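There are 2 protein chains.
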Amino acid sequence: MEHNLRDYFEKTLKEVAIDCVIFGFHAGELKVLLLKWKGTDGWSLPGGHILLDESANDAANRILMERTGLGEIFLQQYYTFGAVNRYTHYSEAELLEKLEITFGKGFFEGIIFRRTVSIGYFALVEFDQVSPAPDWFTDECRWWNLADVPALLFDHNEMIERALTALRQHIRNQPVGYNLLPEKFTMPELQRLYETILDRQFDRRNFQKLLMSYDILEKLDEKRVGVANKSPFLYRFDKLKYERAMETGVAFSM
Amino acid sequence: MEHNLRDYFEKTLKEVAIDCVIFGFHAGELKVLLLKWKGTDGWSLPGGHILLDESANDAANRILMERTGLGEIFLQQYYTFGAVNRYTHYSEAELLEKLEITFGKGFFEGIIFRRTVSIGYFALVEFDQVSPAPDWFTDECRWWNLADVPALLFDHNEMIERALTALRQHIRNQPVGYNLLPEKFTMPELQRLYETILDRQFDRRNFQKLLMSYDILEKLDEKRVGVANKSPFLYRFDKLKYERAMETGVAFSM
DNA sequence: TTTTCTTTGTGTAAAATTTACGCATTGAAA
DNA sequence: TTTCAATGCGTAAATTTTACACAAAGAAAA
Numbered sequence: 067m068e069h070n071l072r073d074y075f076e077k078t079l080k081e082v083a084i085d086c087v088i089f090g091f092h093a094g095e096l097k098v099l100l101l102k103w104k105g106t107d108g109w110s111l112p113g114g115h116i117l118l119d120e121s122a123n124d125a126a127n128r129i130l131m132e133r134t135g136l137g138e139i140f141l142q143q144y145y146t147f148g149a150v151n152r153y154t155h156y157s158e159a160e161l162l163e164k165l166e167i168t169f170g171k172g173f174f175e176g177i178i179f180r181r182t183v184s185i186g187y188f189a190l191v192e193f194d195q196v197s198p199a200p201d202w203f204t205d206e207c208r209w210w211n212l213a214d215v216p217a218l219l220f221d222h223n224e225m226i227e228r229a230l231t232a233l234r235q236h237i238r239n240q241p242v243g244y245n246l247l248p249e250k251f252t253m254p255e256l257q258r259l260y261e262t263i264l265d266r267q268f269d270r271r272n273f274q275k276l277l278m279s280y281d282i283l284e285k286l287d288e289k290r291v292g293v294a295n296k297s298p299f300l301y302r303f304d305k306l307k308y309e310r311a312m313e314t315g316v317a318f319s320m
Numbered sequence: 067m068e069h070n071l072r073d074y075f076e077k078t079l080k081e082v083a084i085d086c087v088i089f090g091f092h093a094g095e096l097k098v099l100l101l102k103w104k105g106t107d108g109w110s111l112p113g114g115h116i117l118l119d120e121s122a123n124d125a126a127n128r129i130l131m132e133r134t135g136l137g138e139i140f141l142q143q144y145y146t147f148g149a150v151n152r153y154t155h156y157s158e159a160e161l162l163e164k165l166e167i168t169f170g171k172g173f174f175e176g177i178i179f180r181r182t183v184s185i186g187y188f189a190l191v192e193f194d195q196v197s198p199a200p201d202w203f204t205d206e207c208r209w210w211n212l213a214d215v216p217a218l219l220f221d222h223n224e225m226i227e228r229a230l231t232a233l234r235q236h237i238r239n240q241p242v243g244y245n246l247l248p249e250k251f252t253m254p255e256l257q258r259l260y261e262t263i264l265d266r267q268f269d270r271r272n273f274q275k276l277l278m279s280y281d282i283l284e285k286l287d288e289k290r291v292g293v294a295n296k297s298p299f300l301y302r303f304d305k306l307k308y309e310r311a312m313e314t315g316v317a318f319s320m
């Protein structure tokens, strides 16, 4: 294992990292996937390094796949973090110390703990499709409600903040939902997604009118049953039309 | 010189480059600043590397300063280019060959020609304030009309394209002009700037109404004299209000 | 000197978009 | 069987955006 690790890092760019803010949506809450580092109480975003024969975008996709099992997912670069000191919470020395207890003295020397810039990506994934998987480096991988995210390692809190800003910018020009919601969903569910991301309320009649005007939704003949009160219709995204709307753009003007 | 160069690169991140798309505006045309590499007919964007004790943003500002003499200028990161092979126009081998003729065999070994990702920044500067300055590496530095930009080294044509896209996105939410126009300017000049960036025409009455609604412009008692036909009023940006508008954002809705 | 002609300065009406809101219907829960 | 919160659908008001006309300035032409 240790040997493989060294091999891996020999094949990567050392001064460049990739970190992914993976957003999910469940029970009306926006969530991010975080990893807990072995031997510490420190959490971080899933990240990694770029293989020498791999583009940054491919690397981000690989990392997303490793952590969630999902490919072909909406994934977008949003900012590159290039501060001189990106350690918060723990200093570099403190973190190193803790990790050496778990992984052995000198194990990380020259591998991770040098100055790196990190390219931030955010991804939108379908909550139910993800089986969060820790790796050799971490002993836990799970969803956190955005509001409950603790103080993270490095500058990862800032990364999440900026990713959310980028997502909010994104949702104003592109449709959102294809990767965040299950295949079939109701209009109130879609509305709640938008309301959660933008942290405000919309009039449901105007919301429906606007979203339908994008011509990306297919209204099904089914209704969600067993739910309280009047059962709402189910909708599904028309994949082709959705993709076309991603290219041409839409104006979420509410 | 050669020794200083090596010293410099010893103090920088080697796998990360910074490239700046520096936009200027003159005579109704949008321009970018390009450098011609010694011993080649290849042009590129001004760029450089990050010093070990310097943030990426500081590095971009330093590069901008080195090339234009300007500081405190609007400068924004817009994308990080991470393709495996970023050589176009010339291949890595061809470029190396040409440069070795000028700079001597082996001079660049291990310094520049390894795989790097590049963080792209775009800057908006006041054309008249800039005295383009080539460096030891280049023998010419000058403005190019955006439409006339030739095939550039590396992926720099793509960088300019994406920078323009980012600028067009930017202008929809933030006021533009403070750094691109001289201190005093006329409303038609400001309008031409917007028209050039967005590559479309606006009704001058609606344009004036909208821009004045931002409450960032100060109408002066002077007029531009000596110009053909009716002399237009001069305006100037209110720096404080302009900066406030940059923070709160504006909606350029035309 | 006078006339011409392009450019600028200003205001108002029409069109389109966005927002506000009413009421009937459904179906689980009381 | 009744209640009641949530859903489905449509219309009016408010706001924003777009379209457009005419007078005035001043350099250039006659």
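Chains as they are written, first to last, in this note's numbering: chain A, 67 to 320; chain B, 67 to 320. Every residue gets a Cβ at the ideal spot worked out from N, C-alpha and C, and that includes glycine. Source: prediction; values computed, not measured.
Express the C-alpha separation of residue j and residue i in angstroms, rounding to a whole number.
{"i": "B/R271", "j": "B/L130", "result": "36 Å"}
{"i": "B/W210", "j": "B/S110", "result": "11 Å"}
{"i": "B/P254", "j": "B/E261", "result": "10 Å"}
{"i": "A/E160", "j": "A/L259", "result": "39 Å"}
{"i": "B/M67", "j": "B/R302", "result": "Here the model assigns B/M67 a pLDDT of 43, short of 50, so the residue's position is not dependable, and the following value carries that caveat. Cα-Cα distance, rounded: 44 Å."}
{"i": "B/T134", "j": "B/S197", "result": "6 Å"}
{"i": "A/L256", "j": "A/K285", "result": "13 Å"}
{"i": "A/L212", "j": "B/G243", "result": "37 Å"}
{"i": "A/F220", "j": "A/D287", "result": "49 Å"}
{"i": "B/V150", "j": "B/M320", "result": "39 Å"}
{"i": "B/D304", "j": "B/C86", "result": "27 Å"}
{"i": "A/P112", "j": "A/A199", "result": "10 Å"}
{"i": "A/L99", "j": "B/C207", "result": "47 Å"}
{"i": "B/F299", "j": "B/K77", "result": "51 Å"}
{"i": "B/G170", "j": "A/E224", "result": "45 Å"}
{"i": "B/E166", "j": "B/D265", "result": "42 Å"}
{"i": "A/L277", "j": "A/I139", "result": "22 Å"}
{"i": "B/P241", "j": "B/T231", "result": "16 Å"}
{"i": "A/A217", "j": "A/S157", "result": "13 Å"}
{"i": "B/D323", "j": "B/F318", "result": "This structure gives no information on residue 323 of chain B, because the portion of chain B shown stretches from 67 to 320."}
{"i": "A/Y308", "j": "A/L283", "result": "8 Å"}
{"i": "B/W202", "j": "A/S121", "result": "31 Å"}
{"i": "B/I237", "j": "A/E163", "result": "47 Å"}
Would you please verify whether the beta carbon of residue i is less than 8 Å from any beta carbon of chain A?
{"i": "B/K171", "result": "no"}
{"i": "B/V82", "result": "yes"}
{"i": "B/L79", "result": "yes"}
What residues of chain A sit near residue i, judged by a beta carbon separation below 7 Å?
{"i": "B/T146", "result": "A122, Q143, T146, I185"}
How about residue i: is its C-beta nearer than 8 Å to some C-beta of chain B?
{"i": "A/E68", "result": "Per-residue confidence for A/E68 stands at a pLDDT of 48, beneath the threshold of 50, marking its modelled position as unreliable; no derived number is given."}
{"i": "A/D119", "result": "yes"}
Report the neighbours of residue i on chain B: residues whose CB is nearer than 7 Å to its CB, in chain order.
{"i": "A/A330", "result": "Residue 330 of chain A cannot be examined here, being either before or after the span of chain A that is shown, 67 to 320."}
Which two residues bound the contiguous beta strand (DSSP E) that contains residue i?
{"i": "A/S184", "result": "183 to 190"}
{"i": "B/E81", "result": "78 to 92"}
{"i": "B/Q257", "result": "Here B/Q257 belongs to no beta strand (DSSP E); instead the alpha helix (DSSP H) covers 253 to 264."}
{"i": "A/T204", "result": "204 to 211"}
{"i": "B/E288", "result": "283 to 289"}
For residue i, which residues in chain A fall below 8 Å Cβ to Cβ?
{"i": "B/I116", "result": "G148, V183"}
Drop a sphere of 10 angstroms on the beta-carbon of residue i, count the other beta-carbons inside from all chains shown, and report buried for 16 or more, exposed for fewer.
{"i": "A/W103", "result": "buried"}
{"i": "A/T106", "result": "buried"}
{"i": "A/A229", "result": "buried"}
{"i": "B/K97", "result": "buried"}
{"i": "A/P248", "result": "exposed"}
{"i": "A/Y187", "result": "buried"}
{"i": "B/T314", "result": "exposed"}
{"i": "B/T182", "result": "buried"}
{"i": "B/N295", "result": "exposed"}
{"i": "B/G114", "result": "buried"}
{"i": "B/Y74", "result": "exposed"}
{"i": "B/K125", "result": "Note that residue 125 of chain B corresponds to Ala in the displayed sequence, not to Lys. Buried, by the Cβ-count rule."}
{"i": "B/S297", "result": "exposed"}
Starting from residue i, trace the alpha helix (DSSP H) both ways and give me its first and last residue.
{"i": "A/R271", "result": "270 to 279"}
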